[in-house]
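Working notes, beginning with the structure itself.
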Amino acid sequence: MLLNLTTICLAVSLACALSLPVEAETFTPKSYIKAVFAVSPVIGGAEQSFEQAVSVYRSAIMDAVAPSFSLSLSNSLYDDQNTALRFRKGDIGSSLSASWNLYDSALSPVIKVRKARLDYEYAQLTLLIAKQSEAVSALNRFYALYSAKKRIEIARMNLASRERQYKDTSEQYQSGTRSKTEQTQSEGDKLQSELSLAQAESAARKALLAFNEMLNTEPGKEQETLVSTQSVNIALPLPRDDMQKALDGNFSLRRQKVSLEKTRLNTRSNIMSDYPRFRLDASYNKSNLGLFGIPGGSWDGNPSYGLGMSLNFPFGFLGAQNYLDVKAQSNILKSAELGLADALRSLKTSVLTAQENIALQVKSLKLLEFQIKAQKGTTDMLLEEYSQGNAGFLELDTAQTKLLDSSGNQITAVNDLDIALANYRTLLGEKIWE
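Each residue of the sequence shown is one higher than the one before, starting from 0 at the first, in this note's numbering.
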């Protein structure tokens, strides 16, 4: 009996827990970006590439500052002198060798380290660019959900206004102060408002699916968004110093500069390979090491070590191939330099254009805030006068439509301004996720 009572209590408790509504999590733009980063495959892939570049960089440094060692153990298990399959400890041969390139006119250890360092910087900037791109994508989905929910609120307010208007029109039609046409138009406006609300709710559900997709969570999980526009913190005009800040800090431009430097090093190495190539190498070799109890060999001339020099003259076919290859490498470098020059010019235009757009958006948002305040007061006054039969149908309809349009435009303006500010910070090379 006690067991049954305990089981019943547990079942009731579980049912109550399941019936309680799950509280929606509230996100700000920054908290949403942070949550997206934690589960983003794009960020994960970029981080793996960066870690790989770090490993290559460290390996290149070790290769440049330290010799390469090789340990070899060998044993003859079978030969034509003794056809019996065997393994004798005394037949094991061993050797230890080391080599160290001290200088190479085409690809010296120092150049290897520089190239690895550039690969490291390139991967680091690629990671930062991936984070910027993912952050902007997250912001777009965040504001899509935010605006969709705000439009539901506006649609509900508009529907309530239209329903009140329809109720007043029907009552006044019954009393003979309104025409049948006005009643029909009012009913049509109410139905249109109901459709607008349904459309806004559908758009919000779709926006929620996209929002949750980046979080890798349940598609239908309810989420809340909290926005505080940055427009109040913007002092116009935007600083002139931002241009130089963009030229120095823009991640894409910095990566292109690194790419150009890599091209210069590769071009130099390839061109120097077409000229007489000078190498300086150190070597060391010790055989019969006496490992694992095996007797060691004689020390007469063992180990051996030395310092060697080589000079190689590649000519191809009478030097024609060398000449053509050098010319091709020079053209590759020139193309990379022109690409960087074009990127610099494009970035300057992008920064100036973004400044103009942000200035207009700030002014537009302030105007919309004023218009909504004025139109809301006008609409409330006309609704009251309309219910008393002192205002015309068209006059009220026009005021309601203007209020609806301005409210929707304000939501769009807030979204566009914050996203424009994020894109502007991206141009300046700032970490918009911090």
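We put the beta carbon where it would ideally sit given N, CA and C, even for glycine. Note that the structure is predicted; figures quoted are calculated from it, not measured.
Residue of the options minimising C-alpha distance to residue i
i	options	result
N311	K285, L332 and M271	M271
S73	L288, S345, I371 and N414	L288
Q164	S406, T397, D417 and L382	L382
I233	A63, L364, T377 and I42	L364
D396	G407, I410 and D379	D379
S71	E200, R344, V257 and N284	N284
L346	A281, T425 and Q387	T425
S160	S185, I371, T27 and N301	S185
Q374	R254, G219 and L402	L402
S94	S286, G338, G376 and T176	S286
Q399	Y142, G376, D167 and N211	G376
A419	E433, S405, G175 and A358	A358
E355	V55, N422 and P236	P236
A34	L246, M242 and M213	M213
M156	A421, W432, N414 and G407	G407
V413	D324, D240 and L225	L225
E200	S268, Y423 and L144	L144
Buried/exposed call for residue i, threshold 16 Cβ in 10 Å
i	result
G428	buried
S303	exposed
M308	exposed
Q51	exposed
L207	buried
L147	Looking at the sequence shown, residue 147 is not Leu but Ala. A147 should be labelled buried.
Q47	exposed
T180	exposed
V109	exposed
P313	exposed
N249	buried
P20	Any reading at P20 needs caution, since the residue's pLDDT is 45, under 50, leaving its predicted position unreliable; the model's value is listed next. Answer is exposed; the Cβ neighbour count stays below 16.
S174	exposed
L194	exposed
S192	buried
Three-state class that DSSP yields for residue i in the structure shown
i	result
T6	In this prediction, T6 has a pLDDT of 49, which is less than 50 and means its spatial position is unreliable; what the coordinates show is noted afterwards. Residue state, collapsed to three classes: helix.
A419	helix
E200	helix
Q222	strand
A97	strand
E429	coil
L106	coil
L70	strand
E120	helix
E217	coil
T176	coil
T25	strand
Q387	coil
D273	coil
N157	helix
A59	helix
P40	helix
Q399	helix
The ligand GTP heavy atom lying under 6 Å from the CB of residue i
i	result
L323	Among the ligands in the structure shown, none appear at all, so the ligand GTP cannot be discussed.
Cβ of residue i within 7 Å of any chain D Cβ
i	result
I153	Although the question refers to chain D, the structure presented lacks it and comprises just one protein chain.
In DSSP terms, what residue i is bridged to
i	result
M308	L279
N284	S96 and S303
TODO: Inspect the CB distances between the stretch 331-347 and the stretch 390-397 and report whether three or more fall short of 8 Å.
DONE: These segments do not touch.
Open item on the list: For the structure I just gave you, are there three or more beta carbon pairs, one from the stretch 146-158 and one from the stretch 353-371, closer than 8 Å?
Closed with: Here the stretch 146-158 does not lie against the stretch 353-371, with fewer than 3 beta-carbon pairs under 8 Å apart.
- [ ] For the stretch 133-143 and the stretch 52-66, state whether three or more C-beta atom pairs, one from each stretch, are separated by less than 8 Å.
- [x] Short answer: they don't touch.
Open item on the list: Using a Cβ distance threshold of 8 Å, determine whether the stretch 93-104 contacts the stretch 40-49, with at least three qualifying pairs required.
Closed with: In short, these stretches do not touch, since the Cβ pair count stays below three.
Open item on the list: Quick check: the stretch 248-268 against the stretch 109-121, are at least 3 beta-carbon pairs closer than 8 Å?
Closed with: Yes, they touch.
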